[in-house]
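Read in order, the letters of the sequence shown are residues 130 to 301 in my numbering. From the three backbone atoms N, C-alpha and C, an ideal C-beta is built for every residue, glycine too. Before any comments, here is the structure.
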Amino acid sequence: MTTQSDLLTRLSPLLKAECAAEAHSAGLDAADLEQSVWVRLLSERRAGEPAARLTAAVRAEVRAALRRARREVLYDPTAEAARAPGGRADSGAGSGVEQAVLAAESRRELRAAVRRLPGRCPRLISALLSGHDPTYREIAGKLGMSQGSLGPVRSRCLGCLRRMLMAEIAAP
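Next comes the structure, spelled out in structure tokens:
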């Protein structure tokens, strides 16, 4: 009669090879699969040669892992907030308040960055970001610019804002 330590020593190379071959196709880590198979084999206490059951145990663990992967849904708080009515999460007052605070902080940082832009960019971008959604004609009248120049100036201002923010993000 073989002891469990003899069994582990004798089957370990075979199990490593089987797990390495099967793990990739299931998107699993070979070491995790190997550990799951050992638990299955050592807890079953079935009669017969364990080497003969090895391949079946590996494949059974792969199938079980694939079933779990189909059922499991990763938690993504941003996706949950987007699905909820009004853009707020339904999971409680804490997450709604947190989302509101983060959104307010993002708006504050954006407005601060817009104020640092050169020339007439701060006034133009602020007008574009205003809450009442003005038309180009209204913005041009308010800023004293021709309506045709708003698009190119807006493009240059947004490029400047993008470069400025990228430099801030890159700097520690």
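For the alpha helix (DSSP H) containing residue i, name the first residue and the last one.
i, result
"P281", "Q276 to A299"
"D161", "A159 to E173"
"R266", "Y265 to L272"
"L253", "C250 to L257"
Check residue i in the structure and name its three-state DSSP category.
i, result
"E238", "helix"
"E201", "coil"
"R142", "Looking at the sequence provided, one finds Pro at residue 142 rather than Arg. Note: P142 maps to helix in three-state DSSP."
"H153", "helix"
"D135", "helix"
"L183", "helix"
"G260", "coil"
"L192", "Note that residue 192 corresponds to Arg in the displayed sequence, not to Leu. DSSP places R192 in helix when its eight states are reduced to three."
"R244", "helix"
For residue i, I'd like the list of residues in its chain whose CB is within less than 7 angstroms of its CB, leaving aside the five on either flank, ordered along the chain.
i, result
"C250", "C286 and C289"
"L195", "A155"
"R252", "L272"
"Q276", "Y265, R266 and A269"
Counting only the same chain and skipping the five closest in sequence on each side, list residues whose C-beta sits under 8 angstroms from that of residue i.
i, result
"A149", "A159"
Could you compute how far the alpha carbon of residue i sits from the alpha carbon of residue j?
i, j, result
"A242", "T264", "23 angstroms"
"Y204", "G225", "16 angstroms"
"A233", "R199", "37 angstroms"
"S134", "V187", "20 angstroms"
"A193", "V230", "42 angstroms"
"I298", "H261", "30 angstroms"
Report, in whole angstroms, the separation of the C-beta atoms of residue i and residue j, which I expect to be a contact under 8 angstroms.
i, j, result
"E190", "R169", "6 angstroms"
"A152", "L162", "5 angstroms"
"L171", "E147", "So it is not a contact: roughly 16 angstroms between Cβ atoms."
"M293", "R245", "7 angstroms"
"R283", "L257", "7 angstroms"
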